[in-house]
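Notes follow the structure.
Protein chains: 2
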Amino acid sequence: MQVTIKDVAKLAKVAPSTVSRVIADSPKISDATKEKVYKAMKDLSYQPNAIARSLANKSTKTLGLILPSTDENLFNNPFFIQAMKGISVYTQKKDYYIMYTHSNNEENALNIMKNYIHSKWVDGIILLTASENDKCIDYLKEVNHPFVVIGRPENAQNTLWVDNDNFQAMYSVVNHLIKKGHTDISFIGGPHHFNVTKDRLDGYKRALEMHGIVIDERMILEAKDFSEPCGYEAMQDLLALKIPTAVVTTDDLIAFGALRAIKELTDKKISVVGFNNTPLADYQTPPLSSVDINAEKLGYYAAKLLVNKLENVENILNHYIVETKLIERESTK
Amino acid sequence: MQVTIKDVAKLAKVAPSTVSRVIADSPKISDATKEKVYKAMKDLSYQPNAIARSLANKSTKTLGLILPSTDENLFNNPFFIQAMKGISVYTQKKDYYIMYTHSNNEENALNIMKNYIHSKWVDGIILLTASENDKCIDYLKEVNHPFVVIGRPENAQNTLWVDNDNFQAMYSVVNHLIKKGHTDISFIGGPHHFNVTKDRLDGYKRALEMHGIVIDERMILEAKDFSEPCGYEAMQDLLALKIPTAVVTTDDLIAFGALRAIKELTDKKISVVGFNNTPLADYQTPPLSSVDINAEKLGYYAAKLLVNKLENVENILNHYIVETKLIERESTK
DNA sequence: CTGAAAGCGCTTACAG
DNA sequence: CTGAAAGCGCTTACAG
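Residue numbers (the working numbering), protein chains in the order written: chain A, 258 to 590; chain B, 258 to 590.
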C-alpha cells in the first residue's frame with residue numbers, strides 16, 4: 258500500500274507535521290529529529306504524494322505547453338522538439354513538470370489553455386509561437402496568469418519572452434551577402450502575420466538601405482506556408498519576374514524549395530540562405546547556408562524566466578535574446 | 258477567488274455532495290436538482306479543481322512520456338513528435354493529460370519514471386522505444402504499473418504494445434525488389450540491439466530465402482547510429498567489398514547517407530529504400546522510396562490501449578499492429 | 001433522491 | 001523545537 262507521512266511519523270515517533278517540515282527542510286527542526294525522520298523515510302522508502310502536496314500548496318510545479326498540430330512545420334522542422342527539450346532540461350533541474358497538448362487551431366488552443374488554468378493543473382504556460390493579435394496572450398493577460406512566450410509578442414512590456422534578434426539576424430545575413438558583392442537580393446518570407454517574418458523583413462530592408470540599395474517590393478515574396486512546395490512556388494514566381502543573384506529566406510524548407518526551383522528553372526548561379534539550420538540543410542545540393550536559431554536554448558530560457566517568476570525570483574530583464582549564427586555552406590559560395 | 262463546490266452548493270441550495278454527484282453525472286440525481294446545479298455552476302463559472310479530484314479519486318488521468326534526448330534521431334526524424342501528436346489526439350478525446358520529460362540515458366529514464374510513479378503524478382506510462390533488456394519495462398512489470406510500449410517488447414504476453422509488423426514490412430520491400438529483378442540486395446540496419454532492427458533483418462533474410470537467394474552475411478551491415486554519416490560510412494564499407502544492385506535500410510537518414518555514398522563513389526545505379534518516409538525523402542536526388550510507418554497512428558493506439566486498461570475497458574488484444582506502406586519514388590525505379 | 005461526515009495525503013498558522 | 005488541529009477541494013460509503 259501507499260506509504261504516507263503518517264507511517265513515517267509513527268515509525269520515527271514524531272508528529273506528521275514534523276515529517277512535513279523535514280521534507281520541506283525547515284530550519285526549525287533539530288538535526289537529531291531530522292536524522293530520525295530521514296531514517297524512517299528510507300526504511301519505508303517513502304515518497305511524498307505530489308498531488309496531495311499540490312492541493313495543500315495550491316501549486317503543481319507544472320508548466321503547460323500547447324503545440325500547433327496543423328502546422329506542417331511541426332514535423333519538418335525540429336524547432337518544436339528542440340525547444341521542448343530545452344524546456345525539459347531546465348524544468349528537470351528545478352523539479353518542475355511539463356504537460357503538453359496539441360491544438361488544431363487558435364480557438365482550440367485557447368480552450369486547452371483555459372482548461373489547464375481553471376482545472377489548476379498548471380502554474381504557468383509556455384507559448385511556443387506568437388502571432389498578431391494572439392488570443393492566447395490576450396487571455397493570459399486578462400486573467401493575469403503567469404506565462405512566457407517564445408517569440409517577441411506585440412506588447413512586450415510586462416510580458417516574459419525569449420527570442421532571437423530576428424532583425425539583427427537577417428540584417429547581418431544580408432549585410433554579409435552585400436559585402437560579397439550581391440546587390441540583387443530577394444527575400445522570401447513565411448506568412449507575414451508572424452512577428453518573426455516581419456522582424457526579419459525589416460532587417461532585410463534595413464541592410465539594403467544602409468548600403469543605398471533601392472528596395473524593390475517585387476523582390477519581396479511571401480510563401481504561403483513554411484513548406485518546400487511553397488518555397489518552390491515563390492521562387493518560381495520570382496524567376497518569372499527577375500533573376501536575382503541571391504535569395505534570403507526565413508525557413509530552411511522554403512529555401513529547399515527555392516533551391517529546387519533554381520536548379521530546374523535557370524542556369525544562373527543564385528546564392529540561397531535558409532533559417533533554422535535543420536539537419537538536412539547540410540545534405541542539399543548544394544549544401545544550404547542557414548542561420549542557426551538555437552531552439553533548445555530558446556526553450557531553456559523560456560522555462561527559466563517562467564520558473565523564476567513562479568518562485569518569485571526577480572528576473573533582471575523580462576526577456577532573453579538568444580544568439581543566432583550563420584552556418585555558411587556551398588549555397589552562398 | 259477560487260470558486261469551489263461549496264459555493265455552487267450554497268447558490269443551488271443543495272449539499273456539496275450533491276454538486277459532486279451532478280458533476281459525475283450520477284443517475285441517482287433528479288433532473289430538477291441537476292438543472293438547479295447546472296445553473297449555479299454556470300452563474301459562478303465554476304470549474305472543478307482537477308488536483309482535488311485527483312487526490313480524492315487516487316487517479317490523475319495523466320499519462321507520462323519519456324523521450325530520449327541524446328538520440329540524434331530525435332531531431333532528424335519526425336517519429337517522436339508524430340507519435341506525441343497521436344497520443345495527444347486520443348487523450349484529448351478522453352479528457353486525459355500528458356506529461357513528458359527528456360532523459361539522457363537509460364538510468365536517467367528509469368529515475369524519471371520512478372518519480373512519475375511514486376509521486377503519483379501519472380496513472381500510466383507510454384514508452385516510445387523498446388530495447389533489449391529494457392530496464393524500464395522490467396521495472397514497470399515488477400511494480401505492476403500500467404504501461405504500453407511503442408515497439409514490440411521482448412516478452413510481449415501480459416504487456417500492452419503497438420507496432421508495425423516490421424518483419425512483414427521489410428519482407429515485402431525485399432520481395433518487391435526481387436520481383437523487379439534484383440538478386441544482389443544489401444541490408445543496412447540501425448544498431449542491432451533495437452528489436453525493430455532485428456525484426457526487419459529477419460524479414461530481409463526470409464524474403465531472400467523464399468526466393469532461394471543465398472544470404473551473404475557480408476552484405477548485412479550495421480550503421481552505428483540512425484544518422485546520415487553512419488549511413489554513408491556503412492555504404493562506403495559495402496562498396497569496398499561488393500557492389501549490390503539494391504540496398505534496403507531501416508531508416509531514411511541512413512538511406513540519405515547511402516545515396517550520397519553511391520553518388521560519390523560509384524557510377525553504378527543502385528536502388529535504395531528508406532524507412533519512416535520523412536518529409537525530405539521526397540527531395541533527395543533521386544527522391545527516396547521509403548516505408549511510411551504511420552507514427553501518429555502508433556501513438557494514437559498506444560494511448561488507446563493504455564486508457565482502456567486504466568478505465569477497465571477490456572482490450573480485445575493486448576496489442577495493435579499499425580500498417581506500413583512503401584512509398585515508391587525514383588530511387589527504386 | 002439527498003445530506004452529513006469522513007477521508008484522500010499533504011501543509012501551516014497557532015500554541016506551547 | 002515540536003504537536004494538535006484545521007484546511008486545501010474534492011468523493012463516496014452510510015443513513016435516511
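Glycine included, each C-beta is placed from N, C-alpha and C at the ideal position.
For the pair the region 440-449 of chain A and the region 493-512 of chain A, tell me if three or more CB-CB distances fall below 8 Å. These segments touch.
Quick check on the DSSP output: the alpha helix (DSSP H) that includes LEU367 of chain B runs from which residue to which? Taking the first residue of the second sequence as 1, we reach residue 367 of chain B at position 110. For LEU367 of chain B, the enclosing alpha helix (DSSP H) stretches over residues 363-375.
Using the beta-carbon of each residue, which ones in chain A are nearer than 7 Å to GLN349 of chain B? Your numbering for residue 349 of chain B matches position 92 in the second sequence. Near GLN349 of chain B (Cβ distances below 7 Å), the residues of chain A are THR358.
State whether the region 528-547 of chain B contacts the region 331-351 of chain B, with contact taken as three or more CB pairs (one from each stretch) at a distance under 8 Å. yes
ALA503 of chain B at chain A interface by Cβ criterion, 7 Å: As a working mapping, residue 503 of chain B is identified with position 246 in the second sequence. By this cut-off, ALA503 of chain B is not an interface position.
Going by beta-carbon coordinates alone, are MET356 of chain B and MET356 of chain A separated by less than 7 Å? Taking the second sequence and counting its residues from 1, the one referred to as residue 356 of chain B is at position 99. Taking the first sequence and counting its residues from 1, the one referred to as residue 356 of chain A is at position 99. Yes, the pair counts as a contact, with Cβ atoms nearer than the cut-off.
Might you give, ordered along the chain, the residues of its own chain that have their beta carbon closer than 6 Å to the beta carbon of ASP549 of chain B, omitting 5 neighbours on each side? Indexing the second sequence from 1 puts residue 549 of chain B at position 292. These residues qualify, in order along the chain: ASN534, LYS582, ILE584.
When you check each C-beta in the region 357-383 of chain B against every C-beta of chain A, which residues fall closer than 7 Å? TYR357, THR358, HIS359, HIS375, SER376, LYS377, TRP378
When we look at the beta-carbon of GLN339 of chain B and count the other beta-carbons within 10 Å, is it buried (16 or more) or exposed? Numbered from 1 along the second sequence, position 82 holds the residue referred to as residue 339 of chain B. Classification of GLN339 of chain B: buried, given that the 10 Å Cβ count is 16 or more.
Tell me which residue opens and which closes the alpha helix (DSSP H) that VAL431 of chain B is part of. In the second sequence, residue 431 of chain B corresponds to position 174, counting from 1. Following the DSSP letters along the chain, one finds VAL431 of chain B inside the alpha helix (DSSP H) bounded by residues 423-436.
Going by beta-carbon coordinates alone, are THR507 of chain A and ARG457 of chain A separated by less than 7 Å? By one-based count along the first sequence, residue 507 of chain A stands at place 250. By one-based count along the first sequence, residue 457 of chain A stands at place 200. Contact flag set, yes.
Please report the distance separating the alpha-carbon of ALA387 of chain A from that of GLY321 of chain A. Looking up residue 387 of chain A in the first sequence gives position 130. Looking up residue 321 of chain A in the first sequence gives position 64. Each residue's Cα considered, the two are about 16 Å apart.
Is the beta carbon of ASP395 of chain B closer than 7 Å to that of GLY408 of chain B? For the purposes of this step, residue 408 of chain B is taken as the residue at position 151 of the second sequence. For the purposes of this step, residue 395 of chain B is taken as the residue at position 138 of the second sequence. No, these two residues do not count as a Cβ contact at 7 Å.
Starting from ILE344 of chain B, trace the alpha helix (DSSP H) both ways and give me its first and last residue. The residue you call residue 344 of chain B lines up with position 87 of the second sequence. Start and end: 336-350.
Contact between the region 554-563 of chain A and the region 508-518 of chain A: three or more CB pairs below 8 Å? When Cβ pairs closer than 8 Å are counted between the two stretches, the region 554-563 of chain A is seen not to touch the region 508-518 of chain A, the count staying below three.
Mind checking which residues open and close the alpha helix (DSSP H) that includes THR290 of chain A? Mapped onto the first sequence, residue 290 of chain A falls at position 33. Segment 288-300, the alpha helix (DSSP H) holding THR290 of chain A.
For a test of the three-state rule: what should DSSP assign to PHE513 of chain A, helix, strand or coil? Taking the first residue of the first sequence as position 1, residue 513 of chain A is located at position 256. Helix.
I'd like the list of long-range same chain contacts for VAL406 of chain A, defined as Cβ closer than 6 Å, with 5 residues on each side in sequence excluded. For the purposes of this step, residue 406 of chain A is taken as the residue at position 149 of the first sequence. Cβ within range, chain order: LEU384, ALA387, TRP418.
Determine whether the Cβ of TYR303 of chain A lies closer than 7 Å to any Cβ atom of chain B. For the purposes of this step, residue 303 of chain A is taken as residue 46 along the first sequence, with counting starting at 1. Output row for TYR303 of chain A: interface = no.
Provide the residue span of the beta strand (DSSP E) that contains ILE262 of chain A, from first to last. Within the first sequence, the letter at position 5 stands for residue 262 of chain A. Taken as a continuous stretch (DSSP letters only), ILE262 of chain A belongs to no beta strand (DSSP E), being part of the alpha helix (DSSP H) at 262-269.
Name the two residues that bound the continuous beta strand (DSSP E) containing ILE470 of chain A. Indexing the first sequence from 1 puts residue 470 of chain A at position 213. Annotation for ILE470 of chain A: no beta strand (DSSP E) segment contains it, and DSSP assigns it neither H nor E.
Beta carbon of ALA560 of chain B, beta carbon of THR348 of chain B: below 7 Å? By 1-based counting over the second sequence, the position of residue 560 of chain B is 303. By 1-based counting over the second sequence, the position of residue 348 of chain B is 91. Yes; because the gap between Cβ atoms is below 7 Å, this pair is in contact.
Could you give the residue range of the alpha helix (DSSP H) that holds ILE280 of chain B? Here residue 280 of chain B refers to the residue found at position 23 when the second sequence is read from its first residue. 273-280 is the extent of the alpha helix (DSSP H) around ILE280 of chain B.
I need the DSSP call for VAL529 of chain A, collapsed to helix, strand or coil. Walking along the first sequence from the start, residue 529 of chain A turns up at place 272. In this structure, VAL529 of chain A counts as strand in the three-state DSSP scheme.
What are the residues that DSSP puts in a beta bridge with LEU320 of chain B? The residue given as residue 320 of chain B occupies position 63 in the second sequence. Assignment of beta-bridge partners to LEU320 of chain B by DSSP yields B:ILE355, B:GLY381.
Contact residues within the region 334-347 of chain B, judged by C-beta distance below 8 Å to chain A: Here the close residues are PRO335, PHE337, ILE338, GLN339, MET341, LYS342, SER345, VAL346.
Cβ separation of ILE382 of chain A and LEU367 of chain A, assumed to be a contact under 8 Å, to the nearest whole Å: Position 125 of the first sequence holds residue 382 of chain A. Position 110 of the first sequence holds residue 367 of chain A. Wrong, their Cβ atoms sit about 11 Å apart, outside the cutoff.
Whose C-alpha, out of A:MET476, A:LYS270, A:ARG517, is nearest the C-alpha of PRO486 of chain A? Against the first sequence, residue 486 of chain A aligns to sequence position 229. Cα-wise, what sits closest to PRO486 of chain A is A:ARG517.
Beta strand (DSSP E) segment containing ALA503 of chain B, residue limits: Position 246 of the second sequence, counting from 1, holds the residue named residue 503 of chain B. 503-506 is the span of the beta strand (DSSP E), which, as asked, contains ALA503 of chain B.
Contact between the region 367-378 of chain A and the region 540-547 of chain A is defined here as three or more beta-carbon pairs at a separation below 8 Å; is this criterion met? Using a C-beta cut-off of 8 Å, the region 367-378 of chain A makes no contact with the region 540-547 of chain A, since fewer than three inter-stretch Cβ pairs fall below that distance.
Is GLU479 of chain A near GLY446 of chain A, with beta carbons less than 7 Å apart? One-based indexing of the first sequence puts residue 479 of chain A at position 222. One-based indexing of the first sequence puts residue 446 of chain A at position 189. Cβ atoms of GLU479 of chain A and GLY446 of chain A: closer than 7 Å.
Taking the alpha carbon of PRO448 of chain A as the reference point, which residue from A:ARG463, A:ILE435, A:PHE483 has its own alpha carbon closest? Residue mapping note: residue 448 of chain A aligns to position 191 of the first sequence, counting from 1. Of A:ARG463, A:ILE435, A:PHE483, the smallest CA-CA separation from PRO448 of chain A is found for A:PHE483.
Could you tell me which chain B residues have their CB closer than 9 Å to the CB of PHE513 of chain A, listed as they occur along the chain? Counting from 1 along the first sequence, the entry for residue 513 of chain A is found at position 256. LEU537, TYR540, listed in chain order.
Distance, ALA464 of chain B Cα to CYS393 of chain B Cα: The residue labelled residue 393 of chain B in the question sits at position 136 within the second sequence. The residue labelled residue 464 of chain B in the question sits at position 207 within the second sequence. Using only the alpha carbons, I get a separation of about 33 Å.
Residue-level contact to chain B via CB, ASN306 of chain A, 7 Å cutoff: Translated into the one-based positions of the first sequence, residue 306 of chain A becomes position 49. By this cut-off, ASN306 of chain A is an interface position.
With a Cβ-Cβ cutoff of 7 Å, do TYR353 of chain A and LYS318 of chain A count as a contact? Here residue 353 of chain A is taken as the residue at index 96 of the first sequence, counted from 1. Here residue 318 of chain A is taken as the residue at index 61 of the first sequence, counted from 1. Going by C-beta atoms, TYR353 of chain A is nearer than 7 Å to LYS318 of chain A.
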